[in-house]
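Colleague: Got a structure here, written out as structure tokens. Questions coming.
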Amino acid sequence: MKDRTVDIEIISSHINNLLIVAKEVISSEIKFDPNDHFAFMSLSFLTKQIEHCRSIMILISGKQYSDSMIIARTMLEGLIIIAWCHKNNPNHYGDLWSRYAVVADYKLYLKKNKSEISPEIANDIFARLDYYGSIFLTKKARKIKDTSLSPSQYSFTNKWLIDEQGNEIKISRMFEEIDGHLQNVYRDISGWIHWDISSIGQNIKHNAGIVQIAANNLNDGALALAIAFQSLFGLLEMVDFNLGLGFKPKFETIRLVYLQDISNLKSNTAEE
Numbered sequence: 004m005k006d007r008t009v010d011i012e013i014i015s016s017h018i019n020n021l022l023i024v025a026k027e028v029i030s031s032e033i034k035f036d037p038n039d040h041f042a043f044m045s046l047s048f049l050t051k052q053i054e055h056c057r058s059i060m061i062l063i064s065g066k067q068y069s070d071s072m073i074i075a076r077t078m079l080e081g082l083i084i085i086a087w088c089h090k091n092n093p094n095h096y097g098d099l100w101s102r103y104a105v106v107a108d109y110k111l112y113l114k115k116n117k118s119e120i121s122p123e124i125a126n127d128i129f130a131r132l133d134y135y136g137s138i139f140l141t142k143k144a145r146k147i148k149d150t151s152l153s154p155s156q157y158s159f160t161n162k163w164l165i166d167e168q169g170n171e172i173k174i175s176r177m178f179e180e181i182d183g184h185l186q187n188v189y190r191d192i193s194g195w196i197h198w199d200i201s202s203i204g205q206n207i208k209h210n211a212g213i214v215q216i217a218a219n220n221l222n223d224g225a226l227a228l229a230i231a232f233q234s235l236f237g238l239l240e241m242v243d244f245n246l247g248l249g250f251k252p253k254f255e256t257i258r259l260v261y262l263q264d265i266s267n268l269k270s271n272t273a274e275e
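FYI, in the working numbering the residues of the sequence shown are 4 to 275.
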């Protein structure tokens, strides 16, 4: 089996370069129409991807390669969600994403001790819920005919990403419509988070009757880094394109060098 140490060092270097550009992007003065909900959503996703990337780099430096895949999986989800929303109806889904904040506030309110919440805050939550929340009613709640009830008296979906009937749009559907290859990658890395024997088992070694378990698989680390690079690049590209920020020459140059280095690594492996 090939030693992935060099792969990890090279990909990490490119991610660090990409993070520099990403930080420059979110630190720049970005202006967009307040009604451009997708712009707000994609910028928020980009910020989250940056944080995830930094976390993966910390895990990699600590040789926690397998656990780095957990965060890489989350990054891949973020990339696919943004790509799917952009392909279908970006501003509509950006609006849904933003609006769901009031449902989240309402559900948090239900869990809190009511004495801890001022009447002003409670009234604000209910007012926003009555105005924005009806689209997130569960299918069962939508069938209730008593229109004298306000949305705050109904039950709401647990997800913001829903269709017109209130059905959750599954991540599997988004992968199928955006990139089937990435769906296979997603399934492969999901094994570690779901405690599958196929993922844990590859770290189990038998030697002269002795069983050793080592969750520091270099292949996992290299894969997590590759996913991190693609996910961060995808969000940078999306934000830059939609808002016309002009950063593409910088991150595109990094991508081209990255692809060349990956190609060289594959060539070297084939020659060995």
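Every residue gets a Cβ at the ideal spot worked out from N, C-alpha and C, and that includes glycine. All figures in this text were calculated on a predicted structure; none of them were measured in a lab.
In three-state DSSP terms, what is N187?
Modeller: Taking the sequence shown and counting its residues from 1, the one referred to as residue 187 is at position 184. Looking at N187 - three-state DSSP - the assignment turns out to be helix.
Colleague: With respect to the alpha helix (DSSP H) encompassing H40, which residues constitute its N-terminal and C-terminal limits?
Modeller: Sequence index remark: in the sequence shown, residue 40 carries index 37 (1-based). First-last of the alpha helix (DSSP H) with H40: 40 to 64.
Colleague: Going straight from the alpha carbon of L22 to that of I29, what length do you get?
Modeller: Position 19 of the sequence shown, counted from the first residue, corresponds to residue 22. Position 26 of the sequence shown, counted from the first residue, corresponds to residue 29. About 11 Å.
Colleague: Is the separation between the beta-carbon of L228 and that of I83 shorter than 8 Å?
Modeller: Taking the sequence shown and counting its residues from 1, the one referred to as residue 228 is at position 225. Taking the sequence shown and counting its residues from 1, the one referred to as residue 83 is at position 80. Their beta carbons are not under 8 Å apart, which means L228 does not touch I83 by this criterion.
Colleague: Candidates H209, G194, F178: which alpha carbon is nearest I203's?
Modeller: In the sequence shown, residue 203 corresponds to position 200, counting from 1. Looking at the Cα atoms, G194 is the closest of the given residues.
Colleague: Compute every distance between the C-beta of A229 and the non-hydrogen atoms of the ligand PLP, then say whether any falls below 7 Å.
Modeller: This structure does not include the ligand PLP; it has no bound ligands of any sort.
Colleague: What's the C-alpha gap between L140 and G169?
Modeller: For the purposes of this step, residue 140 is taken as residue 137 along the sequence shown, with counting starting at 1. For the purposes of this step, residue 169 is taken as residue 166 along the sequence shown, with counting starting at 1. Approximately 7 Å, taken between the alpha carbons.
Colleague: Could you give the first and the last residue of the continuous beta strand (DSSP E) run that contains H209?
Modeller: Residue numbering aside, residue 209 sits at position 206 when the sequence shown is read from its first letter. Looking at the DSSP string, the run of the beta strand (DSSP E) that includes H209 is 207 to 210.
Colleague: Quick check on DSSP: helix, strand or coil for Q215?
Modeller: In the sequence shown, counting from the first residue as 1, residue 215 sits at position 212. It is a strand residue.
Colleague: Three-state secondary structure (DSSP) at I165?
Modeller: Here residue 165 is taken as the residue at index 162 of the sequence shown, counted from 1. I165 falls in the strand class under three-state DSSP.
Colleague: Give every residue of the same chain whose Cβ lies closer than 7 Å to the Cβ of A225, excluding the five residues on either side of it in the sequence, and list them in chain order.
Modeller: Taking the sequence shown and counting its residues from 1, one reaches residue 225 at position 222. Excluding sequence neighbours, A225 sits near R7, D10, I11, I14.
Colleague: Between which two residues does the alpha helix (DSSP H) harbouring D223 extend?
Modeller: Position 220 of the sequence shown, counting from 1, holds the residue named residue 223. Its alpha helix (DSSP H) spans residues 221 to 246.
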